[in-house]
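Below is one structure, written out as structure tokens, with a few remarks after it.
In this note's numbering, the protein residues as written are 6 to 156.
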């Protein structure tokens, strides 16, 4: 099962640290994969969820690519990440999307069988351990909680 720290969060949201290189590295060094939000504007890469905020060197992405799930926030970012063989995806309000590594990425409240379950703590109906065992992985702001439940 994949355990993916949403924007670097391990034990709850810390908005001012989300999508920052040092925070991402803390999650990776703790043993987790990390979902990050990437923009490409005027050939400059940025981290940021709602808007481009923090410039990120391409080398950082390359050095950590095996741990990253890159949510591309615009078409140019998606194109660059695909061409660079990164594990990436694009979605807005879709129930599901397919990552470039052919893993199904769910959205909040989507059925979770055989896909990445995103933010199970926000689901309308609480998921049981048996439900979560049907998914390929979990992406959460509380990823340490889910890791401890199953490992």
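Beta carbons are placed, not taken as given, at the ideal position from N, Cα and C, and that holds for glycine.
Could you give the residue range of the alpha helix (DSSP H) that holds residue 75? It is not in any alpha helix (DSSP H) - residue 75 instead sits in the beta strand (DSSP E) that spans 73-77.
Quick one: using the 10 Å Cβ neighbour count with 16 as the cut-off for buried, is residue 121 buried or exposed? buried
Close-in-space but distant-in-sequence residues of the same chain around residue 37 (CB under 6 Å, 5 per side omitted): 8, 10 and 148
Pull up the DSSP beta-bridge partners for residue 59, would you. 52
Helix, strand or coil at residue 128 according to DSSP, with G and I counted as helix: coil
What whole-angstrom Cβ distance do residue 26 and residue 65 have, given they're in contact under 8 Å? 6 Å
What does DSSP give as the partner residue(s) for residue 102 in the beta ladder? 110
For residue 37, name the three-state secondary structure that DSSP assigns. coil
Between the alpha carbons of residue 28 and residue 129, how many angstroms are there, rounded? 29 Å
Check each candidate in 133, 113, 90 and 138 and name the one with the smallest Cα separation from residue 72. 90
Residue 123: which of 153, 156 and 141 sits nearest, CA to CA? 141
With DSSP as the reference, please indicate the residues paired to residue 145 in a beta bridge. 10
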